[in-house]
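Numbering (this note's numbering), first residue to last: 91 to 338.
Idealized CB from N, CA, C, for every residue including glycine.
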């Protein structure tokens, strides 16, 4: 036994050293694990925060887009309401003008019939007037596309008649009703320039100005209204033009 003692001591010391190193290694591994866990938590937290910020940004963007769409929708509804009001006003204006025209035409027809009757004959039918009335029928029915075709055909067939001039005016009105403003401006402007003494020349200029306003040609519309007032200061159209200028 005494001989083995010197051999056992180094082995015991080596075992103690190995145990100590093992404990130290374990301690280091535990520390590394803790550090890795901590870093992983920090990374996960950072990723979560970034994703959260990204989501918040997307939500804000969506809310802004919704607000914009809501505003656009409200503006669109307002414009639709304004357009409907203008359309109704235009229809009412057309009806009033046609009523005045038909009243004047009826009176003229009655006078002509009376004159023929006094001469001892039966009143003769006017084929041109009958054709003109037929061309106006779609306008009275608010078939504006049909009115444009019929009125142009009538004017082409009877170019030298007073009714052809009137047909041109009403054709411009029909284009306005269809919101074909460029065509309406061209027709009504030529009508006013070529027929300055016509009873509807002031209305034609006002129609031009209204079409220009619809096209957002405000300066041109203002100039047209001023021309109307200067040329026909005592007309009903001039009175309306003065009111329009106040709101422009």
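- Within the stretch 242 to 326, the complete alpha helix (DSSP H) runs of at least 4 residues fall at 252 to 267, 271 to 284, 291 to 304, 308 to 321.
- Cβ-Cβ distances below 6 Å link residue 282 to 291, 294, 295 in the same chain, with the five nearest sequence neighbours on each side left out; the list follows chain order.
- Beta-carbon to beta-carbon, residue 255 and residue 287 are separated by about 11 Å, too far to satisfy the 8 Å threshold.
- In this structure, residue 298 keeps its C-beta atom at 9 Å or more from the C-beta atom of residue 251.
- Following the DSSP letters along the chain, one finds residue 223 inside the alpha helix (DSSP H) bounded by residues 217 to 230.
- Burial state of residue 261 is buried, judged by a 10 Å Cβ sphere holding 16 or more other Cβ atoms.
- Classified as buried, residue 278 has 16 or more neighbouring CB atoms from the shown chains inside 10 Å of its CB.
- For residue 233, the secondary structure class from DSSP, reduced to helix, strand or coil, is coil.
- As the crow flies, the alpha-carbon of residue 308 is around 15 Å from that of residue 318.
- With a contact defined as Cβ atoms closer than 8 Å, residue 274 and residue 301 qualify at about 5 Å.
- Each residue's CA atom was taken as its position, placing residue 115 and residue 128 some 20 Å apart.
- The alpha-carbon of residue 323 is positioned some 35 Å away from that of residue 247.
- Taken through DSSP and simplified to helix, strand or coil, residue 110 comes out as helix.
- Residue burial is scored here from C-beta neighbours: residue 146 has fewer than 16 other C-beta atoms within 10 angstroms and is therefore classed as exposed.
- Scanning its chain for C-beta atoms nearer than 6 Å, with the 5 sequence neighbours on each side dropped, one finds around residue 325 the residues 292, in chain order.
- Taking a 10 Å sphere around the C-beta of residue 157, we find fewer than 16 other C-beta atoms and assign the residue as exposed.
- With respect to the C-alpha of residue 304, the residue from 117, 272, 257 having the closest C-alpha is 272.
- With respect to residue 257, residue 234 sits apart: the two C-beta atoms are not nearer than 9 Å.
- If you draw a straight line from the Cα of residue 225 to the Cα of residue 240, it is about 5 Å long.
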